[in-house]
Amino acid sequence: MRLPRFYPIFDSSDWLRRALPLGVKLVQIRIKDQPAPRLLGELALCQELCREHGATLVVNDHWQAAIDLGCDFIHLGQEDLDTADLPAIRRAGLRLGISTHDHAELDRALAQRPDYIALGPVWPTILKKMKWEQQGLDRVREWRKLVGATPLVAIGGVTPDRAREAFAAGADLASAVTDITLNPDPEGRIREWLRVTA
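Here it is in structure tokens:
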């Protein structure tokens, strides 16, 4: 399975309205701390926007909502794996991406036969506090060998220039959050990402 190389992550449909018309074809929606009705409404809207633009929506964490809404793809962190009903996710036909940070997590993720493995943070990130400061490109090279044909996502502190380095080290996709959302010209930055990852 071939996935687009640019994989932005956003927290609202407002960002999808800005990014999808520019040509983004794979996007993750990561919504935290919303009441269930609002969450479902927002996810449904994101799914509708992605279908309008021929893009694939990846739902972070909310696997039951993704099943209920007929979404195509779910992303789970390691904590999510503790509670997610993986057989139900597979029965629903959802593709699955999993976050990894160390060898034990990678082994656990690979046992689920995911559709991609994410490694991060490759570079230091301001998005959230983690016990892993910086994985580095050597870890990307190592993961490339260990994951075999499974697509590998580099995340954490990635910029368009760093994406080139990550691809050279063996990553298939590069993911970005604050490099876009905190940029003074988000649309211009997205266009730059699309040029780098074309």
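FYI, the numbering for the sequence shown is 1 to 198, going by UniProt numbering.
For each residue, glycine too, the CB sits at the ideal point set by N, CA and C.
Between the options, which has its C-alpha nearest residue i's C-alpha?
| i | options | result |
| --- | --- | --- |
| G148 | L110, N183, V122 | L110 |
| E48 | A66, A36, P35 | A66 |
| R5 | P124, A36, K25 | K25 |
| P186 | A19, R2, S13, L3 | A19 |
| C71 | C46, D82, R108 | C46 |
| G93 | P124, G41, F73 | F73 |
Taking the C-alpha atoms as reference points, what is the distance between residue i and residue j?
| i | j | result |
| --- | --- | --- |
| I126 | T178 | 8 Å |
| C50 | D11 | 14 Å |
| L16 | V196 | 20 Å |
| A154 | P184 | 23 Å |
| W193 | R90 | 32 Å |
| Q112 | R95 | 11 Å |
| P160 | G136 | 16 Å |
| D85 | A55 | 26 Å |
| S13 | D33 | 15 Å |
Within 10 angstroms of its Cβ, does residue i collect 16 or more other Cβ (buried), or is it exposed?
| i | result |
| --- | --- |
| T150 | buried |
| A176 | buried |
| D172 | buried |
| R191 | exposed |
| A166 | buried |
| T100 | buried |
| L119 | buried |
So, residue i versus residue j, is the Cβ gap smaller than 8 Å?
| i | j | result |
| --- | --- | --- |
| I117 | L152 | yes |
| V27 | V59 | no |
| P121 | G157 | yes |
| L76 | L43 | no |
| H53 | P8 | no |
| W143 | L106 | yes |
| D61 | D80 | yes |
| R141 | A169 | yes |
| L39 | I29 | no |
What residue does the alpha helix (DSSP H) around residue i start on, and which one ends it?
| i | result |
| --- | --- |
| I117 | Premise fails: I117 lies in the beta strand (DSSP E), 116–119, not in any alpha helix (DSSP H). |
| P8 | Counting along the chain, P8 falls outside any alpha helix (DSSP H), though it belongs to the beta strand (DSSP E) covering 6–10. |
| V140 | 136–147 |
| I180 | 178–181 |
| I126 | Unbroken run through I126: none, as it is neither H nor E. |
| T197 | 186–197 |
| L86 | 86–91 |
Residue range of the beta strand (DSSP E) that residue i falls in?
| i | result |
| --- | --- |
| G97 | 95–100 |
| H75 | 73–76 |
| Q47 | Q47 -> not in any beta strand (DSSP E); alpha helix (DSSP H) instead, spanning 36–52. |
| A19 | A19 -> not in any beta strand (DSSP E); alpha helix (DSSP H) instead, spanning 13–19. |
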